[in-house]
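Protein chains: 6
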Amino acid sequence: MYSLNVRDHFMIAHSFDGEIFGPAQRLHGATYVVDATFRRPELDGDGLVVDIGRAGDVLRDILDAMNYRNLDDEPAFAGKNTTTEFLAREIWERLARAVGAGELGGGARGLASICVTLHESHVAWASYEGIM
Amino acid sequence: MYSLNVRDHFMIAHSFDGEIFGPAQRLHGATYVVDATFRRPELDGDGLVVDIGRAGDVLRDILDAMNYRNLDDEPAFAGKNTTTEFLAREIWERLARAVGAGELGGGARGLASICVTLHESHVAWASYEGIM
Amino acid sequence: MYSLNVRDHFMIAHSFDGEIFGPAQRLHGATYVVDATFRRPELDGDGLVVDIGRAGDVLRDILDAMNYRNLDDEPAFAGKNTTTEFLAREIWERLARAVGAGELGGGARGLASICVTLHESHVAWASYEGIM
Amino acid sequence: MYSLNVRDHFMIAHSFDGEIFGPAQRLHGATYVVDATFRRPELDGDGLVVDIGRAGDVLRDILDAMNYRNLDDEPAFAGKNTTTEFLAREIWERLARAVGAGELGGGARGLASICVTLHESHVAWASYEGIM
Amino acid sequence: MYSLNVRDHFMIAHSFDGEIFGPAQRLHGATYVVDATFRRPELDGDGLVVDIGRAGDVLRDILDAMNYRNLDDEPAFAGKNTTTEFLAREIWERLARAVGAGELGGGARGLASICVTLHESHVAWASYEGIM
Amino acid sequence: MYSLNVRDHFMIAHSFDGEIFGPAQRLHGATYVVDATFRRPELDGDGLVVDIGRAGDVLRDILDAMNYRNLDDEPAFAGKNTTTEFLAREIWERLARAVGAGELGGGARGLASICVTLHESHVAWASYEGIM
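Chains as they are written, first to last, in the working numbering: chain B, 707 to 838; chain W, 707 to 838; chain V, 707 to 838; chain X, 707 to 838; chain C, 707 to 838; chain G, 707 to 838.
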């Protein structure tokens with residue numbers, strides 16, 4: 707299996723609902739350094755997993771829609787705890803839709819799976835990997 | 707599949723038995739930077755893989771039991787070569803027992819697997835991943 | 707010159723005032739991974755720059771006072787843009803006061819300077835270094 | 707499953723053929739930081755995945771055969787785009803052959819799979835993982 | 707003293723002239739991950755060292771002029787060994803000229819010094835720091 | 707000022723004497739990832755700070771003399787606490803002697819200073835910088 711990874715980041719505010727979150731129930735924030743990893747069993751005709759330029763552009767667009775925002779105010783996340791693992795899945799869904807819509811090129815329809823990892827500090831990260 | 711990772715470290719002395727180890731047969735030591743990665747197919751009711759605070763505390767307790775010690779003197783490791791890969795498995799066993807005992811909360815019983823990675827330098831690491 | 711560094715992190719929300727900040731004028735947030743570097747020309751009697759345990763504890767206390775907060779609501783920062791470089795200086799001031807108050811031990815009064823670095827992403831950081 | 711990783715690097719020139727590559731159609735180059743990860747279900751009699759010294763030596767030899775070269779001039783790559791993902795597979799093939807030839811020791815024949823990752827910058831990497 | 711750093715990268719081919727370079731006399735290449743660090747004794751009126759957005763844009767423009775090229779063919783480098791330390795100085799000169807030309811804003815004329823670091827692998831880097 | 711850095715590592719056992727060290731009074735160990743940074747105001751005739759190959763070899767020889775050892779048994783360190791900051795200075799002394807003896811080539815006599823940094827974990831490091 708081949709994998710290709712691109713990295714970018716976004717910076718948001720949010721708060722969590724539930725005693726288990728302790729002081730993170732207060733409004734705070736995070737920098738998320740995001741790895742989007744694309745996997746497929748065979749390379750396409752150009753010797754690529756995906757066009758890394760287009761993959762980076764699509765990831766940048768998805769992150770820009772959340773960047774420099776308070777996620778507590780986003781209708782898409784109403785009633786949700788935007789934990790790191792939740793956001794990894796959310797970005798995965800948006801990447802999967804972009805692949806389905808052909809935004810990464812026709813060859814990207816040969817992808818087997820995508821993994822999205824959000825690094826929230828030097829000691830903690832979460833990811834979601836799903837089959838396409 | 708969702709994953710959540712916490713990182714910590716411990717520092718030990720040890721020596722290895724067997725010609726294959728060359729100069730590492732002498733008493734020496736290592737800093738191990740440890741990644742404990744917890745995986746599950748669906749998030750729990752709080753939108754979490756595990757409570758990251760409890761996961762970090764349980765990992766810290768497990769590492770404290772070995773930290774600042776000469777592993778050659780630990781009865782638990784008598785007759786064993788405490789290689790990086792061996793220690794990854796050992797810490798995995800202790801984490802799996804803690805999960806089974808409910809130390810990471812009831813929700814952690816939904817975990818599918820745990821992976822423990824020990825980074826021994828900037829150029830070498832070993833891991834053990836097992837199904838719960 | 708000897709240096710000793712300890713690393714920790716904190717997570718906050720804030721917004722900036724001024725057109726130069728573009729979308730960062732909106733409420734957003736950041737994870738700051740903090741390096742506190744202590745420097746002195748000669749080691750103390752124990753062969754140390756400072757007691758690394760005490761240094762880590764003092765840094766942790768300073769970061770806890772800001773952690774999981776919206777800095778826009780903190781009276782100490784009223785009317786200020788809490789940029790990365792501003793926060794580096796602020797943490798430096800608090801560390802310098804802790805050293806002056808003897809919280810890092812009497813030996814720490816021999817420190818020549820302290821440098822505080824805040825990493826806000828994998829591509830950006832800021833620091834403040836000042837003589838004691 | 708146990709994994710053991712060794713890291714090294716090599717530096718090459720190359721160019722790509724195809725409009726999709728944009729400015730990378732020009733002769734340019736890259737540093738590839740290489741992770742070779744060896745996996746097996748059980749440790750060998752010495753408590754090892756593979757002899758890390760031999761693994762590092764075999765990887766070094768494979769990288770030396772490409773290091774400080776213009777890959778466009780290498781007969782082995784004639785008519786190929788030596789993309790990061792292509793080179794990950796190429797190094798995997800050479801490692802697999804070395805394992806088959808006994809260069810990592812007889813125990814290495816118990817390996818389940820090998821993964822080769824090439825980091826081409828702080829924001830991009832590619833890998834190939836294959837079963838032995 | 708305050709510092710602010712932005713990171714980016716570029717990928718080039720080149721060769722070196724002189725026996726001391728051994729196999730690096732052959733045409734090869736490198737990825738350079740570049741840190742541009744700006745220093746000043748006091749922050750500007752917005753609480754900044756420099757506008758990080760403009761700093762990143764100016765650095766990107768400077769790197770784009772060399773990116774995906776064979777430096778042996780660049781007239782600017784004729785008769786020079788484009789070593790990592792040489793290129794750090796070259797990028798420093800171009801950044802200093804951009805500051806002088808006002809491309810980082812009028813406030814950037816208060817900069818005390820700039821340091822440019824080029825990471826060529828996980829084990830080697832070089833830098834040039836100069837007073838403005 | 708130009709700087710050039712090479713990185714390597716060594717693994718040792720040791721213990722510390724003094725209540726301030728708490729559990730580190732027990733025999734334990736560390737991996738030290740070592741950065742040796744060489745500085746000079748002007749490049750030599752080959753466009754170099756030092757010959758990076760020779761610098762790496764000399765550093766490797768110095769680290770090999772301590773690698774895979776219990777520093778408590780080394781006569782050179784009798785009665786000393788081999789703290790991270792102490793070892794940084796010790797390696798600096800040995801590098802400075804190697805430069806004086808011409809082991810890095812005649813050009814290395816133009817060095818202005820050397821800085822030696824020992825990373826003992828992902829959260830702590832110490833260094834010593836001295837003028838040549």
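Where a beta carbon is used, it is the ideal one built from N, C-alpha and C, also for glycine.
Residue interval of the beta strand (DSSP E) (run including residue i)
i, result
"Asp-741 (chain C)", "734-746"
Residue i vs residue j beta-carbon contact at 8 Å
i, j, result
"Arg-760 (chain X)", "Ile-718 (chain X)", "no"
"Ala-832 (chain B)", "Ser-709 (chain W)", "yes"
"Ile-768 (chain W)", "Arg-800 (chain W)", "yes"
"Tyr-834 (chain V)", "Ala-804 (chain V)", "no"
"Asp-763 (chain G)", "Gly-813 (chain G)", "no"
"His-715 (chain W)", "His-828 (chain G)", "yes"
"Thr-789 (chain B)", "Leu-777 (chain B)", "no"
"Asn-773 (chain B)", "Pro-781 (chain V)", "no"
Any chain C beta carbon closer than 8 Å to residue i
i, result
"Asn-773 (chain V)", "no"
"Val-822 (chain V)", "no"
"Asn-711 (chain G)", "yes"
"Met-707 (chain X)", "no"
Beta carbon proximity, residue i to chain W, threshold 8 Å
i, result
"Asn-787 (chain B)", "yes"
"Ala-818 (chain B)", "no"
"Phe-792 (chain B)", "yes"
"Asp-778 (chain X)", "no"
Cutoff 8 Å: residue i Cβ touching any chain G Cβ
i, result
"Trp-798 (chain C)", "no"
"Thr-838 (chain W)", "The identity of residue 838 (chain W) in the sequence shown is Met, whereas the question assumes Thr. It does not; no Cβ of chain G falls within 8 Å."
"Gly-753 (chain V)", "yes"
"Gly-724 (chain C)", "yes"
"Thr-737 (chain W)", "yes"
"Arg-732 (chain W)", "yes"
"Glu-809 (chain W)", "no"
Minimum Cβ-Cβ distance from residue i to chain B less than 8 Å
i, result
"Ser-721 (chain X)", "no"
"Ile-768 (chain V)", "no"
"Leu-749 (chain W)", "yes"
Beta bridge counterpart(s) of residue i as assigned by DSSP
i, result
"Phe-722 (chain X)", "Partner(s): none; Phe-722 (chain X) has no beta bridge."
"Asp-714 (chain X)", "X:Val-740"
"Val-822 (chain G)", "G:Ala-742, G:Tyr-834"
"Asn-776 (chain B)", "B:Ala-719"
"Ser-709 (chain B)", "B:Arg-745, X:Ser-833"
Proximity winner among the options, relative to residue i (alpha-carbon distances)
i, options, result
"Ala-830 (chain B)", "B:Glu-748, B:Thr-737, B:Arg-713", "B:Thr-737"
"Arg-815 (chain W)", "W:Leu-824, W:Phe-792, W:Glu-748", "W:Glu-748"
"Phe-783 (chain C)", "C:Ala-804, C:Thr-823, C:Asp-723", "C:Asp-723"
"Gln-731 (chain V)", "V:Val-740, V:Val-739, V:Ser-721", "V:Ser-721"
"Glu-791 (chain C)", "G:Ile-837, G:Ile-758, G:Glu-725", "G:Ile-758"
"Ala-802 (chain B)", "B:Met-838, B:Asn-711, B:Asp-741", "B:Met-838"
"Trp-798 (chain X)", "X:Asp-770, X:Val-739, X:Ser-819, X:Lys-786", "X:Ser-819"
"Val-739 (chain X)", "X:Val-756, X:Asn-711, X:Gly-728", "X:Asn-711"
"Asp-770 (chain W)", "G:His-734, G:Pro-781, G:Arg-713, G:Gly-811", "G:His-734"
"Val-822 (chain X)", "X:Ile-726, X:Leu-765, X:Phe-727", "X:Leu-765"
"Gly-811 (chain X)", "W:Ile-726, W:Gly-811, W:Lys-786", "W:Ile-726"
"Asp-752 (chain W)", "B:His-825, B:Leu-817, B:Met-707, B:Gly-785", "B:Gly-785"
"Glu-809 (chain X)", "X:Asp-779, X:Glu-796, X:Val-756", "X:Val-756"
"Leu-754 (chain B)", "B:Glu-796, B:Arg-713, B:Met-707", "B:Met-707"
Where the alpha helix (DSSP H) containing residue i begins and where it ends
i, result
"Glu-835 (chain G)", "Not the alpha helix (DSSP H): Glu-835 (chain G) falls in the beta strand (DSSP E), residues 830-837."
"Thr-790 (chain B)", "790-806"
"Gly-762 (chain C)", "758-770"
Residue-level contact to chain V via CB, residue i, 8 Å cutoff
i, result
"Ser-833 (chain C)", "no"
"Pro-729 (chain B)", "yes"
"Ile-758 (chain B)", "no"
Cβ of residue i within 8 Å of any chain X Cβ
i, result
"Val-829 (chain W)", "yes"
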